[in-house]
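When we follow UniProt numbering, the leftmost residue of the sequence shown carries the number 1, and every step to the right adds one.
Backbone N, C-alpha and C define an ideal beta-carbon position, used for all residues, glycine too.
Written below as structure tokens is the structure these notes are about.
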Amino acid sequence: MTSVFNNLRLAGYGGVGSLSVGEEIKWFNKQEGKSKKVKAAEVSRASWSTFGKHGCATLFGADGSELLKLDGFARRDQETLGGALKDQGVALSDVEFCSSGVNRGKHSFEDGQRLVVHQTAPGEGKEPKRLFDIDLSKVSQCVLPAGVGKQAGEQKEVTMQFDDKAAPDDHQLVELRLYIPPGSRSYAEDEEEDDDDAGEAARVHAKIMEYSKLTSVTGTQLAQFGAEDGAFLLPRGRYAVEMYGDFFRMHGNMYDYKINFADVERFILLPRTDDVHYAFIIALDKPIRQGQQRYGHLVWQLKKGDKAITVNLSEAELSERYGAGSGLKPELAGPLYQLVARVFKVLSGKKVFTTGKFRSNDDRHAVNCSVKASTGQLYPLERSFVFVHKPTLVLRFEDVASVEFERFSGYGQGSATKNFDLKVSMRSVGGDPPKDHSFTSIERAEYKPLLEFLTSKGLKIRNLQETAARATNAAKEALGIGSDDDDDDDAAPAARGGDSNDEDSPDEDYEDAGAPASDDDDDDDDDDGDGDGSDDDEAPKIAKKPKKEAAAEPKPKKRKAEPKKEKAEPKKKRKKKDPNAPKGKSSAYIMFGNAKRAEVKEQHPDFSLGDIGRELGKRWKELTDDDKKPYVDLATADAERYDREMAAYKAKQQAEGAGGDDDSDDE
Numbered sequence: 001m002t003s004v005f006n007n008l009r010l011a012g013y014g015g016v017g018s019l020s021v022g023e024e025i026k027w028f029n030k031q032e033g034k035s036k037k038v039k040a041a042e043v044s045r046a047s048w049s050t051f052g053k054h055g056c057a058t059l060f061g062a063d064g065s066e067l068l069k070l071d072g073f074a075r076r077d078q079e080t081l082g083g084a085l086k087d088q089g090v091a092l093s094d095v096e097f098c099s100s101g102v103n104r105g106k107h108s109f110e111d112g113q114r115l116v117v118h119q120t121a122p123g124e125g126k127e128p129k130r131l132f133d134i135d136l137s138k139v140s141q142c143v144l145p146a147g148v149g150k151q152a153g154e155q156k157e158v159t160m161q162f163d164d165k166a167a168p169d170d171h172q173l174v175e176l177r178l179y180i181p182p183g184s185r186s187y188a189e190d191e192e193e194d195d196d197d198a199g200e201a202a203r204v205h206a207k208i209m210e211y212s213k214l215t216s217v218t219g220t221q222l223a224q225f226g227a228e229d230g231a232f233l234l235p236r237g238r239y240a241v242e243m244y245g246d247f248f249r250m251h252g253n254m255y256d257y258k259i260n261f262a263d264v265e266r267f268i269l270l271p272r273t274d275d276v277h278y279a280f281i282i283a284l285d286k287p288i289r290q291g292q293q294r295y296g297h298l299v300w301q302l303k304k305g306d307k308a309i310t311v312n313l314s315e316a317e318l319s320e321r322y323g324a325g326s327g328l329k330p331e332l333a334g335p336l337y338q339l340v341a342r343v344f345k346v347l348s349g350k351k352v353f354t355t356g357k358f359r360s361n362d363d364r365h366a367v368n369c370s371v372k373a374s375t376g377q378l379y380p381l382e383r384s385f386v387f388v389h390k391p392t393l394v395l396r397f398e399d400v401a402s403v404e405f406e407r408f409s410g411y412g413q414g415s416a417t418k419n420f421d422l423k424v425s426m427r428s429v430g431g432d433p434p435k436d437h438s439f440t441s442i443e444r445a446e447y448k449p450l451l452e453f454l455t456s457k458g459l460k461i462r463n464l465q466e467t468a469a470r471a472t473n474a475a476k477e478a479l480g481i482g483s484d485d486d487d488d489d490d491a492a493p494a495a496r497g498g499d500s501n502d503e504d505s506p507d508e509d510y511e512d513a514g515a516p517a518s519d520d521d522d523d524d525d526d527d528d529g530d531g532d533g534s535d536d537d538e539a540p541k542i543a544k545k546p547k548k549e550a551a552a553e554p555k556p557k558k559r560k561a562e563p564k565k566e567k568a569e570p571k572k573k574r575k576k577k578d579p580n581a582p583k584g585k586s587s588a589y590i591m592f593g594n595a596k597r598a599e600v601k602e603q604h605p606d607f608s609l610g611d612i613g614r615e616l617g618k619r620w621k622e623l624t625d626d627d628k629k630p631y632v633d634l635a636t637a638d639a640e641r642y643d644r645e646m647a648a649y650k651a652k653q654q655a656e657g658a659g660g661d662d663d664s665d666d667e
């Protein structure tokens, strides 16, 4: 006979379902179509615990492993469940948990599968109640935190981390820290104490690592890279990397990681701009976690030097398993970054992406820029953007909605800034909202290589005509073409329109070409484009200008001479300003700028005065009324100060018989 229990939750699964107990014990969720089942013959024992109005049942296998853990039972279901399990030869025992709120006790290991903590002093004649237990198979990482080693005294703390598989909005236990006082012992009587100097915390850590199988390895180690071969930038530290058939392991001073090749999305190999290192990026589908930080990309910085490694397979085994053309041999030698890329590519069966045809202004594969307050390099690859290293970003072109150049004012001395920004707008992917990524402080000389590259890839550029017009106008100003017509309202729009159209044609030609041109070709294309768009239109103007200027010479000279005389007198009066006059009052924005200018300079040392002013204005607009209130109060106090000092100043002037002059100056 089969017994059925409804509205139960199974640990590790979302939603509620039904449990049927017979020769087969099965939990099934109709709404989500999820189920889990075990044979009754595989269950060795079961436990029941009551929490308030509900009960929790756990089924264990012969080796002590946890097969099913369900909660949501009614208290009256204990007898019914016990009878159903008894019919299958399984006893249901009652396990009582302590609910007094104490947070300390003695630990023990149950069946080599669970860490159990009981009450310290349950009372005479009473069995110690259980405070909590942890299924060690769910532990993904266990460490002894730094700073508590032998130099700082006996280690006292153990940190356990658990797989974070829940949805972002769900609550889940991801970390648990145990404080183990020096000299404490477990309930187990056969506790091994081989290393008395290690302390109880170190012994608990070793047992958790053993029972959770974090240190166990299945398979033969095929290759190894030492910790001295390179440093990981993310997560930061030095790790020895061991290569196996289906996964690789990272061994560090504090953390160990086991990463399956099936959880790797892609590999990327990039040359760093220092000409000394290469960055090998491992993009993960399942991020690893170190404390509260999650890492979706592992960045391994490798040197360019040569290295020799051994692959623990014969040539016949390598040919049989990976093919004759895999490139793997029992003995490999060459540049370290090439060996790493080859071994990961062959063992995982996944591609290694590297740089493409893009070249920066100084003939490199990347441009220097910043993401927020972090500086790094942006690599335009053939199918994606990659920013290294913090934060590491991989933006695939297929997910890019558009790109936009910001703060670009052209070339030459007339340009307002020495750098510009590139904003990449992403599409909504996997239900996530669209997101923008801004790469700031890119050198002005990198505009042309980036524009040509983005155009060749067919990416949508929002303000292409506007930025192209700025570049053309700046070039004209540098050559002295059209500089005398700046005040001509009719000529300026025509020049801007002509420049925009002329800039479009080189881009279209470049798309048809399909391959990046050399630096010399790029320069020639720009010169030709400027010549085609400006020589024919501007030449007549230049030829006619001398006549117009000659005919109009008398009038402009008279008009300019008269205003100069009128403006000269006020300037002389301003120079005679009384140095004893009170300092002018400042606005709330001025107060804000004085307080934040040093901070902006520190964050953006390459900003010009104009850039700093624009950044301060942007930050001021983003402030709420509450955020602006301190600066408004400062401005109000400064205005009161000014009024007091001005009243005293005028009184003094009047006493000396100079009140009239003071009034005129004040106006």
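Pick out whichever of the options has its Cα sitting closest to the Cα of residue i.
i	options	result
G61	S47, V241 and D71	S47
A57	L85, K350, P605 and P287	L85
V143	V352, Y179 and Q603	Y179
L92	Q292, G55 and F28	G55
D436	E446, L395 and E443	L395
V38	Y649, L59, K53 and D285	L59
S374	S438, V311 and G356	S438
F73	S20, G105 and K372	S20
L67	R114, P128 and K53	R114
G252	R236, P271, Q88 and H604	R236
Using a Cβ-Cβ cutoff of less than 8 Å, which residues in the same chain neighbour residue i once the five nearest sequence positions on both sides are dropped?
i	result
V403	L422, K423, V424, S425, L454, L459, K460, I461 and R462
V276	K303 and K304
Whole angstroms is fine: what's the gap from residue i's alpha carbon to residue j's?
i	j	result
D256	K448	45 Å
F385	V43	52 Å
V204	Y295	27 Å
D71	L10	7 Å
A642	V632	Checking the sequence shown, residue 642 turns out to be Tyr, not Ala. Distance between the alpha carbons of Y642 and V632 is about 15 Å.
F592	D606	21 Å
S587	W620	12 Å
Q78	D627	59 Å
M243	Y322	15 Å
L8	K69	10 Å
A401	K286	25 Å
I442	D263	34 Å
Considering just the uninterrupted stretch of the alpha helix (DSSP H) at residue i, what are its terminal residues?
i	result
Q78	D77 to D87
Q377	Premise fails: Q377 lies in the beta strand (DSSP E), S374 to P380, not in any alpha helix (DSSP H).
L144	From DSSP, L144 is part of no alpha helix (DSSP H); its letter is neither H nor E.
S319	E315 to Y322
A588	A588 to Q603
Ends of the beta strand (DSSP E) at residue i?
i	result
M646	Premise fails: M646 lies in the alpha helix (DSSP H), D625 to A655, not in any beta strand (DSSP E).
H205	First-last for H205: G199 to Y211, but that is the alpha helix (DSSP H), not the beta strand (DSSP E).
K34	K34 to K39
D275	No beta strand (DSSP E) holds D275; DSSP gives it neither H nor E.
S108	K106 to E110
K621	Here K621 belongs to no beta strand (DSSP E); instead the alpha helix (DSSP H) covers L609 to E622.
G296	Q293 to K303
Q31	Here Q31 belongs to no beta strand (DSSP E), and DSSP marks it neither H nor E.
K390	No beta strand (DSSP E) contains K390, which DSSP labels as neither H nor E.
residue 728	Outside the shown range of the chain, which is 1 to 667, sits residue 728, and nothing can be said about it.
Please classify residue i: is it buried, with 16 or more other beta-carbons within 10 angstroms of its beta-carbon, or exposed?
i	result
F97	exposed
S100	exposed
T440	buried
K156	buried
P330	exposed
D274	exposed
F132	exposed
Excluding sequence positions up to five away, which residues of its chain have a Cβ less than 7 Å from the Cβ of residue i?
i	result
G334	D306
E154	P182 and G199
V299	F232, L233, L234, A279, I281, V388, H389 and T392
G112	G64 and Y211
L173	F162
Can you find the residues in the same chain that come closer than 6 Å, C-beta to C-beta, to residue i, ignoring five residues on each side of it along the sequence?
i	result
E23	A40
A308	A333
K34	Y13
Q293	none
E615	V600
Could you check whether the Cβ of residue i sits closer than 8 Å to any Cβ belonging to chain B?
i	result
V95	As a matter of chain content, chain B is missing from the structure shown, which is built from one protein chain.
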